[in-house]
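The sequence shown finishes on residue 857 if you use my numbering, and the numbering steps up by one all the way, no holes. Backbone N, C-alpha and C fix where the C-beta goes; we use that ideal spot for every residue, glycine too. In this text the structure is predicted, and so the values were computed from the model without any measurement. Everything on this sheet refers to the single structure shown next.
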Amino acid sequence: MQIAIKIARKFSPIGGGLNLSLFPSIESVLNLAPLSQVMEDKVHAARKRFNDLQSTQKVLILGPCSIHNLEADLLLAAKIRDLKNRFPEYHFIFRAHLEKPRSSHFWRGFLLDPDLDGTCNLKKGALQSREFLLSLLEMGLDISYEFIDPFLAPFVQDLITVGFIGARTVYSQTHRQLAASLPMPVIFKNGLCGKLDGPLDAMQICKNGVISPKLTASGPELFWAKNESTHLMLRGDYDGSNFHLTQKAAENIQQRGLSGKVFVDCAHQNSKKNIRLQKEVFERFLNHWPQKVQGLMVECQRMEGNQPFDRCPKPGLSITDPCLSIDTVEAVLESLQKEFCFS
């Protein structure tokens, strides 16, 4: 099934420059980059491992703010795989967020706009995104992914270990329905205002179940969905950090009869998008890991910082938020390991 949609080829404040394009069928894209039975079993096993994590097991979600050069980010993934092998005390997950929620900039991520020019070649983006994610699975990496556009979720959801619903969409009924229908653990971030009611309500809805429309390979369906594996991530708010709320978040989860875990985003407003502060938050939690925290997320790339958005950006350097270098992440982990060995 192909669906005709209008794609904005040129960006205009009055909505001009609209062309008619075709939304590729989900089935055709999945057939071009299929998930083998062996890889499907690995995805299911990875989801089960995440669900079965004990409170003492520490999760590290590492990867770039956004992905714009697949070849360079496979090199980054190889580095993270090496860290996974060297530091078995942590449960590593690669942050492969191929969609972006844009509050000001027009680029919405590689999956929808792989050429970074607003032409939105979705067939190319979806196919190459799947091939990239399949490569990560073949490397033995678990994958996290922020689901932003519900219409795009079916192109990649069979490859993902743990999903995210972000700060801009956590209050959205559509995204709560999507989270309930996803066949994986889902982490809800607190909203931009910093309140915990957004993710807590979303977790409650997913646990209770909801009637949800879903776009499948064979067409749209309406069904009952529930997801009891949902969790909360503190990412800061307009006023700054909120990682000090880990105990409160854990208590609120328990009071609602939920079984979710607490995660901390070392980036975004918890570090005011400052890489020096992000490193400090990362080190702080590694050195004094609170009992109620299951995992941390760190935005990292091959090179430190970021660059202006351009159609031909440098590979390995973020075109969105500034990132720590993977070498810095490695150095922090090595420092802690040495300190532990000599203590």
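Through-space distance from residue j to residue i, alpha-carbon basis
i: P827; j: I833; result: 7 Å
i: T842; j: L574; result: 14 Å
i: F525; j: G632; result: Confidence at F525 is low in this model, with a pLDDT of 41, below 50, so its placement is unreliable and no value can be given for it.
i: Q792; j: G733; result: 43 Å
i: R523; j: L636; result: Residue placement at R523 is flagged as unreliable, the pLDDT there being 42, under the threshold of 50; a coordinate-derived value is accordingly withheld.
i: L630; j: Q805; result: 42 Å
i: S755; j: F661; result: 24 Å
i: L729; j: H745; result: 24 Å
i: V776; j: A731; result: 34 Å
i: A781; j: S550; result: 35 Å
i: K562; j: A610; result: 19 Å
i: A518; j: I540; result: The predicted model places A518 with a pLDDT of 38, which falls under 50 and marks its position as unreliable; any figure quoted below should be read in that light. Using only the alpha carbons, I get a separation of about 14 Å.
i: S542; j: L692; result: 22 Å
i: G677; j: I767; result: 19 Å
i: G529; j: P699; result: Summary for G529: the model assigns pLDDT 49, below 50, so the residue's position carries little reliability, and this model does not support an answer.
i: D627; j: N820; result: 19 Å
i: F606; j: I701; result: 16 Å
i: P727; j: L696; result: 12 Å
i: G654; j: I725; result: 35 Å
i: A560; j: S658; result: 11 Å
i: D824; j: K721; result: 42 Å
i: E652; j: H558; result: 14 Å
Neighbour flag for residue i against chain B, beta carbons, 7 Å
i: L748; result: The question asks about chain B, but that chain is absent: this structure has only one protein chain.
Buried versus exposed call for residue i [16 or more other C-beta atoms within 10 Å across all chains shown]
i: G723; result: exposed
i: E486; result: In the structure displayed, the chain extends from 515 to 857; residue 486 sits before or after that span and is not available.
i: F799; result: buried
i: K703; result: buried
i: F796; result: buried
i: A763; result: buried
i: I679; result: buried
i: H802; result: exposed
i: R644; result: buried
i: Y752; result: exposed
i: D587; result: buried
i: L546; result: exposed
i: H689; result: buried
i: P713; result: buried
i: C814; result: buried
i: S849; result: exposed
i: D596; result: exposed
i: R622; result: buried
i: G705; result: buried
i: K786; result: exposed
i: T570; result: exposed
i: Q851; result: exposed
Start-to-end residues for the alpha helix (DSSP H) that takes in residue i
i: G712; result: 711–722
i: A739; result: Segment 733–739 is the beta strand (DSSP E) holding A739; no alpha helix (DSSP H) there.
i: D779; result: First-last for D779: 776–779, but that is the beta strand (DSSP E), not the alpha helix (DSSP H).
i: Q551; result: 551–565
i: Q769; result: 760–769
i: E541; result: 540–546
i: I789; result: 789–801
Closest by C-alpha distance to residue i, when choosing among the options
i: I581; options: P836, S550, E848, L847; result: P836
i: F601; options: D587, L590, K572; result: K572
i: D566; options: S773, C780, I789; result: S773
i: P578; options: S569, L590, Q568, T570; result: L590
i: V807; options: R682, F757, P697, E603; result: F757
i: R749; options: N766, L710, I725; result: L710
i: L666; options: E613, M698, Q687, M653; result: E613
i: E554; options: R622, N583, L648, S569; result: L648
i: Q568; options: S686, F669, Y604; result: Y604
i: N788; options: V812, E765, R770; result: V812
i: L536; options: D672, W621, K638, R595; result: K638
i: C707; options: K721, Y685, C720, M717; result: Y685
i: L673; options: I840, L544, E818; result: L544
i: K556; options: G830, C634, L650, K593; result: L650
i: A681; options: M747, W621, K593; result: M747
i: I594; options: E765, L847, T675; result: L847
i: R770; options: D715, E818, R616, Q783; result: D715
i: D779; options: L810, P822, P664; result: L810
i: F669; options: E652, H558, P548; result: P548
i: G830; options: P538, H558, A592, F564; result: A592
i: P538; options: C634, R616, V552; result: C634
Range of the contiguous beta strand (DSSP E) that encloses residue i
i: Q815; result: 807–815
i: H605; result: 604–609
i: T744; result: 744–748
i: L574; result: 572–577
### Uninterrupted beta strand (DSSP E) stretches inside the stretch 645–699 (no shorter than 3 residues)
656–660, 676–679
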